Amino acid sequence: MNEFGTPHEVWALAADGETVLLRPPGPEDRDRVLAMHHAMSAENLYLRFFGASQTSVRETAERVSTPGRVGCGALLALTHDGGEVIGVVEYNGDPRSGEAELALAVADAWHGRGVGTLLIEHAVTMARADKVHTLVADTLPWNRPMLRVLEDMGLPVRNRLVAGVLNCAIPLDGDIPSTERYLTALARREALADVASLVPLFVPRSVAVAGAGHRADSVGRALLRNLKAAHYAGTLAVLHPTATEVDGVPAFPTPDRLPEVPDLVVVAVPAEAVPALVEDCGRAGVRALVVVTSGGTPEQAARVHDSVRRHGMRMVGPNCLGIAQTDPGTALNATFGWVVPAPGSAGVAVQSGGVGIALTEQLNRLGIGVSTFASLGDKYDVSGNDMLQWWQADTRTSMAILHLESFGNPRKFSRIARTVGRTKPVLTVDAGRSAAGRRAAGSHTAAAVTPTVARGALFRQAGVTAAQTLGDLVAVAALLHAQPLPDGAAVAVIGNAGGAGVLAADACVDAGLAVPRFGPDLEADLRALLPAGAACANPVDTTATVDGKTLRRCVDRVLAAGHVDAVVLALAPTALGDPLGDILEGPADRGRPVVVIAPERAAAVELLPAVGGTVPVYGDARTAAVALAHAYERAMWLTRPRGTVPALIDVDRGTARSLAAEFLSREPDGGWLPPRECARMLGAYGIEVSPWRQAFDAEEAVALARELAPLGVDGAVVLKAYGPHIVHKSDVGGVRLRLVGDDAVRAAFTDLAYRVGALMESVVVQPMAASGVELIAGVTQDEVLGPLVVFGLGGVTTDVLGDHGARLTPLTDLDAHSLLAGSRGAPLLYGHRGAAPTDTAGIEDILHRLSRLADDVPQLAEADLNPLVARPDGVTVVDARIRLAPRHEQDPYLRRLR
Ligand code: ADP
Ligand code: MG
Numbered sequence: 039m040n041e042f043g044t045p046h047e048v049w050a051l052a053a054d055g056e057t058v059l060l061r062p063p064g065p066e067d068r069d070r071v072l073a074m075h076h077a078m079s080a081e082n083l084y085l086r087f088f089g090a091s092q093t094s095v096r097e098t099a100e101r102v103s104t105p106g107r108v109g110c111g112a113l114l115a116l117t118h119d120g121g122e123v124i125g126v127v128e129y130n131g132d133p134r135s136g137e138a139e140l141a142l143a144v145a146d147a148w149h150g151r152g153v154g155t156l157l158i159e160h161a162v163t164m165a166r167a168d169k170v171h172t173l174v175a176d177t178l179p180w181n182r183p184m185l186r187v188l189e190d191m192g193l194p195v196r197n198r199l200v201a202g203v204l205n206c207a208i209p210l211d212g213d214i215p216s217t218e219r220y221l222t223a224l225a226r227r228e229a230l231a232d233v234a235s236l237v238p239l240f241v242p243r244s245v246a247v248a249g250a251g252h253r254a255d256s257v258g259r260a261l262l263r264n265l266k267a268a269h270y271a272g273t274l275a276v277l278h279p280t281a282t283e284v285d286g287v288p289a290f291p292t293p294d295r296l297p298e299v300p301d302l303v304v305v306a307v308p309a310e311a312v313p314a315l316v317e318d319c320g321r322a323g324v325r326a327l328v329v330v331t332s333g334g335t336p337e338q339a340a341r342v343h344d345s346v347r348r349h350g351m352r353m354v355g356p357n358c359l360g361i362a363q364t365d366p367g368t369a370l371n372a373t374f375g376w377v378v379p380a381p382g383s384a385g386v387a388v389q390s391g392g393v394g395i396a397l398t399e400q401l402n403r404l405g406i407g408v409s410t411f412a413s414l415g416d417k418y419d420v421s422g423n424d425m426l427q428w429w430q431a432d433t434r435t436s437m438a439i440l441h442l443e444s445f446g447n448p449r450k451f452s453r454i455a456r457t458v459g460r461t462k463p464v465l466t467v468d469a470g471r472s473a474a475g476r477r478a479a480g481s482h483t484a485a486a487v488t489p490t491v492a493r494g495a496l497f498r499q500a501g502v503t504a505a506q507t508l509g510d511l512v513a514v515a516a517l518l519h520a521q522p523l524p525d526g527a528a529v530a531v532i533g534n535a536g537g538a539g540v541l542a543a544d545a546c547v548d549a550g551l552a553v554p555r556f557g558p559d560l561e562a563d564l565r566a567l568l569p570a571g572a573a574c575a576n577p578v579d580t581t582a583t584v585d586g587k588t589l590r591r592c593v594d595r596v597l598a599a600g601h602v603d604a605v606v607l608a609l610a611p612t613a614l615g616d617p618l619g620d621i622l623e624g625p626a627d628r629g630r631p632v633v634v635i636a637p638e639r640a641a642a643v644e645l646l647p648a649v650g651g652t653v654p655v656y657g658d659a660r661t662a663a664v665a666l667a668h669a670y671e672r673a674m675w676l677t678r679p680r681g682t683v684p685a686l687i688d689v690d691r692g693t694a695r696s697l698a699a700e701f702l703s704r705e706p707d708g709g710w711l712p713p714r715e716c717a718r719m720l721g722a723y724g725i726e727v728s729p730w731r732q733a734f735d736a737e738e739a740v741a742l743a744r745e746l747a748p749l750g751v752d753g754a755v756v757l758k759a760y761g762p763h764i765v766h767k768s769d770v771g772g773v774r775l776r777l778v779g780d781d782a783v784r785a786a787f788t789d790l791a792y793r794v795g796a797l798m799e800s801v802v803v804q805p806m807a808a809s810g811v812e813l814i815a816g817v818t819q820d821e822v823l824g825p826l827v828v829f830g831l832g833g834v835t836t837d838v839l840g841d842h843g844a845r846l847t848p849l850t851d852l853d854a855h856s857l858l859a860g861s862r863g864a865p866l867l868y869g870h871r872g873a874a875p876t877d878t879a880g881i882e883d884i885l886h887r888l889s890r891l892a893d894d895v896p897q898l899a900e901a902d903l904n905p906l907v908a909r910p911d912g913v914t915v916v917d918a919r920i921r922l923a924p925r926h927e928q929d930p931y932l933r934r935l936r
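What follows is the structure in structure tokens.
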């Protein structure tokens with residue numbers, strides 16, 4: 039049906055969070071489709087068929103349940119158990135014109151719940167794969183629900199009134215369903231559905247614990263104790279085969295025997311008992327599960343996953359510490375940890391329980407507290423992405439903290455983070471763990487990224503504050519919680535003990551902040567305030583003889599002068615007492631961030647109360663400076679213009695996707711695309727590779743060289759050894775340049791065959807390109823953040839120069855521009871010492887096309903254009919490779935559960 043083969047079943051969330059099953063219909067669905075139509079009201083039927091004809095209904099049922107019609111497709115929405123058809127979408131195309139008629143019907147009870155939108159979203163993806171370029175829906179003008187669905191899609195619908203019927207045309211060709219508008223609309227719908235589906239998990243009306251047996255030291259009993267201690271206000275029960283009561287809580291043998299079906303069941307039974315219990319919960323109508331049990335077999339895992347999906351449940355775990363939520367009215371502590379999250383404003387999601395406990399402890403101690411806590415464990419279902427959506431909607435949450443090995447679908451993560459980050463800081467720890475993954479990749483592009491592209495920059499681009507350690511994360515969280523963001527990088531360092539101030543100033547500079555000298559007025563002002571031996575430039579050393587009041591005045595003057603964006607106070611107790619006390623008698627919020635370094639007062643970080651808030655006090659200068667630098671980076675991210683993703687109207691996504699699918703059906707494990715397919719895939723995205731031909735012996739090479747020589751500089755050609763296992767041709771002596779004449783070509787062929795030996799399968803003949811600046815442009819994948827576009831100085835010196843920048847996709851115009859302007863080769867690109875500037879617009883255009891290709895073809899693991907030769911009159915790609923890897927995701931942005 040599409041290039042991914044038969045689409046399998048997917049589960050997706052309707053707008054109200056209900057899980058529905060989407061799958062293509064088969065002959066056995068005929069009766070269910072009929073049943074849905076028969077149950078439809080006369081009004082609904084009329085809107086669908088413009089008349090309530092039983093013949094149309096029968097024909098529809100027949101048509102959609104007959105598979106394999108070219109250019110046509112149908113998709114059913116069913117209740118999550120697959121029992122009842124609740125919606126049908128179909129498109130019936132004319133393969134010649136590329137137009138297809140779209141029809142949608144949704145069961146009465148499911149109107150207004152987003153099922154129609156979901157079906158059309160999937161139909162759009164299927165129809166595009168079927169090479170349909172326009173979907174046309176004939177709609178009665180008063181069919182408001184249908185018109186609203188079409189409107190909300192975020193696609194540019196063209197309406198025409200023809201003989202009393204609205205003819206709504208949705209163009210699918212070229213760029214449209216990849217536009218930001220469509221993807222943003224999709225993301226908004228997904229967020230709403232996602233949040234709705236998580237309500238029974240985090241705000242359950244009733245909870246049952248399974249696995250709280252007679253032994254008081256069991257995990258289940260600890261869970262029960264925590265639930266009770268947190269004063270859970272809903273109905274609490276225990277699932278136990280024999281007991282009627284555990285720890286004062288009524289017990290029942292199975293979920294269906296409970297007086298009230300619980301929203302949430304917390305599962306702490308042994309691994310072998312989990313699958314059956316989960317299935318029982320689903321049958322009984324339980325909506326959400328937290329599975330703390332670990333150690334299930336893959337077979338058990340598959341059964342659990344299947345039950346969760348079939349019964350439309352959401353699930354946290356397995357192998358986790360549990361979840362907690364501290365809203366006073368609906369407090370829930372379904373963890374078996376001994377640290378109880380205090381009510382507060384940080385959303386916390388962790389993989390491992392230990393980190394969760396440590397973080398909770400720190401946030402409690404700082405008085406930040408926790409709004410929602412989730413230890414996600416093995417993440418069968420609920421992922422970091424779900425948590426981000428939840429926190430975005432949750433008004434109690436003001437910052438999001440994720441400590442996870444992966445966040446969920448990387449492409450979605452970077453999009454969701456960019457949205458959430460606009461309103462709430464998103465914090466994580468990046469231990470650089472994907473370096474090893476990248477090392478495994480073969481190309482220059484991938485290898486280039488490992489040492490030179492700071493991952494911090496990528497997280498920053500996604501609006502994520504990535505600390506290097508858990509300690510640093512807590513240090514930043516404290517600052518973001520207590521103080522305003524700085525408007526810039528200029529810091530004043532004020533100390534009362536010379537050495538400490540200098541250390542603090544150094545730490546600020548190391549962290550990327552600036553410690554600029556003050557202006558003469560401010561210096562004079564401070565000199566008048568401070569004793570004779572004081573240093574009044576920046577850093578300021580007040581000397582140990584000043585009291586706390588004078589120090590405070592000093593801070594006020596510095597801030598009032600307006601030269602700096604933040605103040606770092608390095609304080610030591612003196613014979614005059616502890617100056618910190620006087621500082622804390624002043625206001626906590628001075629409009630710009632103020633942080634204190636006081637090794638005697640704080641181990642790592644503390645938030646000490648001042649007037650109207652708190653002031654962060656750090657135990658060492660480095661931690662304080664790092665926290666401030668992160669706050670500065672966030673402020674810059676928030677104010678930096680976002681740029682726009684240019685629309686590319688001439689990309690042929692269908693061809694690129696079919697090429698990927700064909701290659702992967704031949705090579706299921708993936709690999710490098712052969713030259714012809716590589717050039718075709720790039721060509722589909724408007725990236726032209728320098729002309730080339732493949733020759734299998736010397737005489738063929740000579741003949742092709744004659745053909746290509748007129749295109750080359752001075753009539754010269756290039757010969758390159760080709761073989762599927764040769765990655766870097768120059769490394770094996772496999773490139774011969776500037777060949778003029780038959781003899782030179784013949785000799786070069788023999789030479790290549792001799793040097794490269796059995797690895798060589800054929801040679802590639804190319805015209806010799808005019809010289810210019812050699813650049814590298816490519817795509818690689820970050821396992822956490824998704825595809826990256828990489829750019830830098832290229833050619834065979836790529837690795838030596840180590841000049842590479844990278845940006846997450848989708849690349850905006852500003853991203854592309856900053857990649858060029860920020861590269862070491864910038865002077866060469868923009869014209870240097872009288873040399874003419876190169877075609878920078880042409881280079882940026884290639885970067886945008888690579889970005890789109892990476893986003894449209896999820897199987898694209900790496901692309902490597904190296905070199906790209908840039909000259910004033912244009913850009914020539916003389917060497918290109920693409921590596922594909924199998925992906926089972928159909929469309930990375932399509933709404934579906936994992
Ligand atoms: P590899 O990267 O596998 O070693 P390339 O095809 O990139 O092989 O060739 C290596 C170098 O040879 C390039 O960096 C470039 O300097 C030069 N070169 C390759 N093809 C051409 C060409 N058609 N015209 C001019 N120079 C070329
Ligand atoms: Mg190369």
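Everything in the sequence shown is counted per the working numbering, starting at 39 for the first residue and increasing by one. Even for Gly, the Cβ is constructed at its ideal location relative to N, Cα and C. Quick caveat, the model's predicted, so the values are computed rather than measured.
So is the beta-carbon of D841 under 6 Å away from any non-hydrogen atom of the ligand MG?
Taking the first residue of the sequence shown as position 1, residue 841 is located at position 803. Not so, every heavy atom of the ligand MG lies at least 6 Å from the Cβ.
For the ligand MG, any of its heavy atoms closer than 6 Å to the Cβ of N576?
To locate residue 576, count along the sequence shown from 1; it is residue 538. For the ligand MG, not one heavy atom lies less than 6 Å from the Cβ of N576.
Should N423 be listed as close to the ligand MG, given that the test is whether its C-beta is under 6 Å from any heavy atom?
Residue numbering aside, residue 423 sits at position 385 when the sequence shown is read from its first letter. Checking the Cβ of N423 against the ligand MG gives no.
Just confirm the distance between the C-beta atoms of V305 and V329, as a whole number of angstroms; I'd bet it's less than 8 Å.
Your numbering for residue 305 matches position 267 in the sequence shown. Your numbering for residue 329 matches position 291 in the sequence shown. About 4 Å separates the two Cβ atoms, so the contact holds.
Where does Q363 fall in DSSP's three states?
Locating residue 363 in the sequence shown gives position 325, counting from the first residue. Of the three classes helix, strand and coil, the one that applies to Q363 here is strand, per DSSP.
Any heavy atom of the ligand MG within a distance shorter than 6 Å of the CB on N130?
Here the question's residue 130 lines up with position 92 in the sequence shown. Result no, Cβ not under 6 Å from the ligand MG.
Is H76 buried or exposed, if buried means 16 or more other CB atoms sit within 10 Å of its CB?
As a first step, residue 76 is located in the sequence shown; it is residue number 38 there, counting from the start. Label assigned to H76: exposed.
Using the Cα positions of S383 and L666, report the straight-line distance between them to the nearest angstrom.
Here the question's residue 383 lines up with position 345 in the sequence shown. Here the question's residue 666 lines up with position 628 in the sequence shown. Distance between the alpha carbons of S383 and L666: 20 Å.
Nearest to I881 by alpha carbon, out of R186, A859, S703?
Taking the first residue of the sequence shown as 1, we reach residue 881 at position 843. Nearest option by C-alpha distance: A859.
Contact defined as beta carbons within less than 8 Å: I believe V593 pairs with L607. What is the distance between those atoms, to the nearest angstrom?
Numbered from 1 along the sequence shown, position 555 holds the residue referred to as residue 593. Numbered from 1 along the sequence shown, position 569 holds the residue referred to as residue 607. At roughly 7 Å, the Cβ-Cβ gap stays under 8 Å, so V593 and L607 are in contact.
In this structure, does DSSP put A636 in helix, strand or coil?
Position 598 of the sequence shown holds residue 636. Residue state, collapsed to three classes: coil.
Inter-residue Cα distance where the pair is P65 and E317:
Against the sequence shown, residue 65 aligns to sequence position 27. Against the sequence shown, residue 317 aligns to sequence position 279. Taking the straight line joining both Cα atoms gives about 28 Å.
When you compare the CB positions of A899 and V727, do they come within less than 7 Å of one another, or not?
To locate residue 899, count along the sequence shown from 1; it is residue 861. To locate residue 727, count along the sequence shown from 1; it is residue 689. The answer is no: Cβ separation not under 7 Å.
Once DSSP output is grouped into helix, strand and coil, what is the label at N402?
By one-based count along the sequence shown, residue 402 stands at place 364. If DSSP states are grouped into helix, strand and coil, N402 belongs with the helices.
Which of the three DSSP states, helix, strand or coil, is assigned to K587?
The residue labelled residue 587 in the question sits at position 549 within the sequence shown. Three-state DSSP puts K587 in a helix.
Our contact map puts L746 next to A733 with C-beta atoms below 8 Å; I'd like the distance itself, whole angstroms only.
On the sequence shown, position 708 is the one that residue 746 refers to. On the sequence shown, position 695 is the one that residue 733 refers to. Not really, about 11 Å apart at Cβ, beyond 8 Å.
Around the Cβ of A254, are there at least 16 other Cβ atoms within 10 angstroms (buried) or fewer (exposed)?
Taking the sequence shown and counting its residues from 1, the one referred to as residue 254 is at position 216. The residue is exposed, with fewer than 16 neighbouring Cβ atoms inside 10 Å.
How long is the line joining the alpha carbons of V689 and D67, rounded to whole angstroms?
As a working mapping, residue 689 is identified with position 651 in the sequence shown. As a working mapping, residue 67 is identified with position 29 in the sequence shown. Rounded to the nearest angstrom, the two C-alpha atoms are 37 Å apart.
Could you compute how far the alpha carbon of A431 sits from the alpha carbon of G385?
Reading the sequence shown from its first residue, position 393 is the one you call residue 431. Reading the sequence shown from its first residue, position 347 is the one you call residue 385. Looking at the two C-alpha atoms, the distance is approximately 12 Å.
Going residue by residue through the region 120-167, where are the continuous alpha helix (DSSP H) segments of at least 4 residues, counting only ones entirely within it?
153-167
Tell me Q506's beta-bridge partners as DSSP assigns them.
On the sequence shown, position 468 is the one that residue 506 refers to. Paired residue(s): none; Q506 is not in a bridge.
Spatial neighbours of N82 within its chain, please: C-beta separation below 7 Å, excluding the five flanking residues on both sides.
Along the sequence shown, one-based indexing puts residue 82 at 44. Excluding residues within five positions, the ones whose Cβ falls inside 7 Å are D146.
Just the C-alpha distance for R198 and G154, rounded to the nearest angstrom, thanks.
Position 160 of the sequence shown, counted from the first residue, corresponds to residue 198. Position 116 of the sequence shown, counted from the first residue, corresponds to residue 154. Rounded to the nearest angstrom, the two C-alpha atoms are 22 Å apart.
Can you find the residues in the same chain that come closer than 6 Å, C-beta to C-beta, to V144, ignoring five residues on each side of it along the sequence?
Indexing the sequence shown from 1 puts residue 144 at position 106. For V144, where only same-chain residues beyond five positions count, the Cβ hits under 6 Å are G125, V153, G154.
Residue interval of the alpha helix (DSSP H) (run including V8):
There is simply no residue 8 to check, as the chain begins at 39 and stops at 936 in what is shown.
Tell me, to the nearest whole angstrom, how far the beta carbon of P381 is from that of T368; I am working on the premise that it is less than 8 Å.
On the sequence shown, residue 381 is found 343 positions in, with the first residue counted as 1. On the sequence shown, residue 368 is found 330 positions in, with the first residue counted as 1. Their Cβ separation, rounded to whole angstroms, is 11 Å, which puts P381 and T368 out of contact at 8 Å.
Mind listing which residues have their beta carbon within less than 5 Å of any non-hydrogen atom of the ligand MG? Chain order is fine.
N904, D917
To the nearest whole angstrom, what separates the beta carbons of G863 and D877, a pair I think is in contact under 8 Å?
Within the sequence shown, the letter at position 825 stands for residue 863. Within the sequence shown, the letter at position 839 stands for residue 877. Actually they are not in contact, since the Cβ atoms of G863 and D877 sit about 14 Å apart, beyond 8 Å.
What are the boundary residues of the beta strand (DSSP E) that P803 is part of?
Position 765 of the sequence shown, counting from 1, holds the residue named residue 803. For the record, residue 803 in the displayed sequence is Val; it is not Pro. Start and end: 800-805.
Just verifying my parser: in three-state terms, what is the DSSP assignment at R471?
Reading the sequence shown from its first residue, position 433 is the one you call residue 471. For R471, the pLDDT reaches just 48, beneath the cut-off of 50, and the residue's location in the model is therefore unreliable, although a value from the coordinates is still provided. In the structure shown, R471 sits in coil (DSSP, three-state: anything other than H, G, I, E or B).
From S703 to R166, what distance separates their C-alpha atoms?
Along the sequence shown, read from residue 1 onward, the residue named residue 703 stands at position 665. Along the sequence shown, read from residue 1 onward, the residue named residue 166 stands at position 128. Using only the alpha carbons, I get a separation of about 20 Å.
I want to know whether the region 807-818 touches the region 761-769 - three or more CB-CB distances under 8 Å.
no
DSSP state of R101, grouped into three classes?
In the sequence shown, the residue the question calls residue 101 occupies position 63. Reduced to three states, the DSSP call for R101 is helix.
Based on Cα-Cα distance, which residue from D119, L903, V127, G120 lies nearest to A112?
Counting from one through the sequence shown, the residue named residue 112 turns up at place 74. Nearest C-alpha to A112: V127.
Taking DSSP as the reference, what is the three-state secondary structure of V324?
Walking along the sequence shown from the start, residue 324 turns up at place 286. In this structure, V324 counts as coil in the three-state DSSP scheme.
Check whether the Cβ of K462 sits closer than 6 Å to any heavy atom of the ligand ADP, and report yes or no.
Here the question's residue 462 lines up with position 424 in the sequence shown. Not under cutoff, so the answer is no.
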